[in-house]
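Numbering-wise (the working numbering), the sequence shown opens with residue 35 and increments by one.
Idealized CB from N, CA, C, for every residue including glycine.
Owing to the predicted nature of the structure, the values given are computational and were not obtained by experimental measurement.
Structure, as structure tokens:
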Amino acid sequence: MGTAFSENNNSRERSIVPAEPSHSSHFPLARLIQLIVLLQTERCPNARRLAEICEVSRRTIYRDLAALAGAGISVLYRSDRQGYQLAQNVFLQPPKMEEREALALLVSCRQWGSDDDLGLSRHANQAIDKLVQCFPEGMRTRLLAAAEILSDALDHLESSPTRREVDDQILLALTQRRQVRLRVRETGTSAAETTKLGIYRLAKLHGFWCLVGRSTRHCRVLLIPMDQIEQVELTEDPYSIPPRFNLVRFLASTAASSSLLLFSRPPATDAVQASDSPGG
35 MGTAFSENNN
45 SRERSIVPAE
55 PSHSSHFPLA
65 RLIQLIVLLQ
75 TERCPNARRL
85 AEICEVSRRT
95 IYRDLAALAG
105 AGISVLYRSD
115 RQGYQLAQNV
125 FLQPPKMEER
135 EALALLVSCR
145 QWGSDDDLGL
155 SRHANQAIDK
165 LVQCFPEGMR
175 TRLLAAAEIL
185 SDALDHLESS
195 PTRREVDDQI
205 LLALTQRRQV
215 RLRVRETGTS
225 AAETTKLGIY
235 RLAKLHGFWC
245 LVGRSTRHCR
255 VLLIPMDQIE
265 QVELTEDPYS
275 IPPRFNLVRF
285 LASTAASSSL
295 LLFSRPPATD
305 AVQASDSPGG
């Protein structure tokens with residue numbers, strides 16, 4: 035069995051369709067189930083990643099994807115992310131959450147300090163409380179016992195209205211994948227700088243939340259600490275993230291991962307730069 039592709043309405047997505055079946059081909063059911071779970075839990079894995087996890091060749095993965103398409107399970111190839119995902123209209127039972135996974139979420143939420151939570155710690159704790167109630171009785175009882183002992187984070191600091199507005203606008207931009215217009219002022223300076231940014235990553239580096247993205251003013255990828263952002267305006271302009279952009283590679287190329295000096299180099303938006311070409 036081979037694999038064929040057909041374009042759909044979204045030029046970034048291609049549906050995998052079954053080719054003529056081959057009676058000599060055999061696809062182990064366990065691997066097909068594993069493949070479905072990976073497509074549900076991994077973020078657009080490519081064929082190489084799927085082959086490594088399943089311990090088979092990429093050719094076998096292509097045949098398996100075609101077999102899923104033949105069984106009515108639509109898989110799309112996302113060219114903008116260079117990987118695969120299940121079609122949105124595919125309804126499958128969500129992967130089962132293990133007890134230790136739920137406990138990890140519970141501990142993380144309870145210890146998430148409000149001074150660096152982007153305004154989400156209260157929502158995170160409400161979410162995990164609701165999630166625990168959905169588990170089977172035995173698992174729910176054990177998690178509730180742990181929740182009773184786990185203390186909340188002690189640093190309950192109230193964010194300023196300005197900081198809450200900045201955080202809310204950044205989170206909104208992430209969900210809508212739209213560019214933001216930023217006013218940035220480096221700590222200890224009087225001059226502010228304005229730029230429009232397409233956010234590639236929101237990352238916590240050396241204890242600071244930072245935006246990494248392409249600035250239209252500087253025509254390159256920059257790293258901007260969020261505590262230096264004074265104002266955020268959400269624009270109507272969409273943007274796309276280069277498929278091969280890699281945060282670790284970006285930080286390594288700028289030596290940002292080993293130094294805090296980037297937070298004091300003027301101006302703030304010139305602190306870090308790197309190429310956002312497909313290779314970088």
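*asked:* So, for residue 201: in the same chain, excluding its five sequence neighbours on each side, which residues have a beta-carbon less than 6 Å away from its beta-carbon?
replied: Start at 1 with the first residue of the sequence shown, and residue 201 comes out as number 167. Here the set comprises 152 and 153.
_Alpha-carbon to alpha-carbon, residue 93 and residue 70_ = For the purposes of this step, residue 70 is taken as the residue at position 36 of the sequence shown. For the purposes of this step, residue 93 is taken as the residue at position 59 of the sequence shown. Taking the straight line joining both Cα atoms gives about 17 Å.
*Give the single residue among 252, 232 and 286 whose Cα lies nearest to the Cα of residue 276.*
One-based indexing of the sequence shown puts residue 276 at position 242. It is 232 whose Cα lies nearest to the Cα of residue 276.
*Would you call the CB atoms of residue 72 and residue 88 closer than 9 Å?*
Within the sequence shown, the letter at position 38 stands for residue 72. Within the sequence shown, the letter at position 54 stands for residue 88. Cβ atoms of residue 72 and residue 88: closer than 9 Å.
_Contacts around residue 281, its chain only, beta-carbon distance under 7 Å, and the 5 residues preceding and following it disregarded_ = Locating residue 281 in the sequence shown gives position 247, counting from the first residue. Hits under 7 Å: 235, 237 and 246.
*asked:* Alpha carbons only, please: which of 160, 127 and 279 is nearest the one belonging to residue 140?
replied: Here residue 140 corresponds to residue number 106 of the sequence shown, with the count starting at 1. Residue 140 has its Cα closest to that of 160, out of 160, 127 and 279.
_I'd like the list of long-range same chain contacts for residue 244, defined as Cβ closer than 6 Å, with 5 residues on each side in sequence excluded._
Residue 244 sits at position 210 when you count from the first residue of the sequence shown. Closer than 6 Å at the Cβ level, and outside the excluded window around residue 244, lie 237, 257 and 259.
*In three-state DSSP terms, what is residue 73?*
Walking along the sequence shown from the start, residue 73 turns up at place 39. Helix, per DSSP.
*Return the chain-ordered list of same chain residues with a C-beta closer than 6 Å to the C-beta of residue 251, the five sequence neighbours on each side being excluded.*
Stepping through the sequence shown from its first residue, residue 251 is reached at position 217. Answer for residue 251: 229, listed in chain order.
*Go to residue 94, then tell me how far its alpha helix (DSSP H) extends in each direction, as first and last residue.*
One-based indexing of the sequence shown puts residue 94 at position 60. Start and end: 92-104.
*Under the DSSP definition of a beta bridge, which residues are partnered with residue 242?*
Along the sequence shown, read from residue 1 onward, the residue named residue 242 stands at position 208. Answer is 239, bridged to residue 242.
*Give a yes or no on whether the C-beta atoms belonging to residue 262 and residue 218 are separated by under 9 Å.*
Locating residue 262 in the sequence shown gives position 228, counting from the first residue. Locating residue 218 in the sequence shown gives position 184, counting from the first residue. Yes, these two residues count as a Cβ contact at 9 Å.
_So for residue 265, helix, strand or coil by DSSP?_
As a first step, residue 265 is located in the sequence shown; it is residue number 231 there, counting from the start. Strand.
_Rounded Cβ spacing between residue 144 and residue 178 (contact assumed at less than 8 Å)_ = Stepping through the sequence shown from its first residue, residue 144 is reached at position 110. Stepping through the sequence shown from its first residue, residue 178 is reached at position 144. With 8 Å as the limit, residue 144 and residue 178 do not qualify as a contact, their Cβ atoms being about 13 Å apart.
_Which listed residue (197, 131 and 193) has its alpha carbon closest to that of residue 173_ = The residue labelled residue 173 in the question sits at position 139 within the sequence shown. Ranking 197, 131 and 193 by Cα distance to residue 173 puts 131 first.
*Identify the residues that DSSP records as bridge partners of residue 119: which are they?*
Within the sequence shown, numbered from 1, the residue matching residue 119 stands at position 85. Looking at the DSSP assignment, residue 119 forms a beta bridge with 110.
_residue 211 versus residue 272 - alpha carbon distance_ = Residue mapping note: residue 211 aligns to position 177 of the sequence shown, counting from 1. Residue mapping note: residue 272 aligns to position 238 of the sequence shown, counting from 1. Residue 211 and residue 272: Cα-Cα distance of roughly 6 Å.
*Backbone secondary structure at residue 201 - three-state DSSP*: Stepping through the sequence shown from its first residue, residue 201 is reached at position 167. It is helical.
*Would DSSP call residue 163 helix, strand or coil?*
Counted from its first residue, the sequence shown places residue 163 at position 129. In the structure shown, residue 163 sits in a helix (DSSP, three-state: H, G or I).
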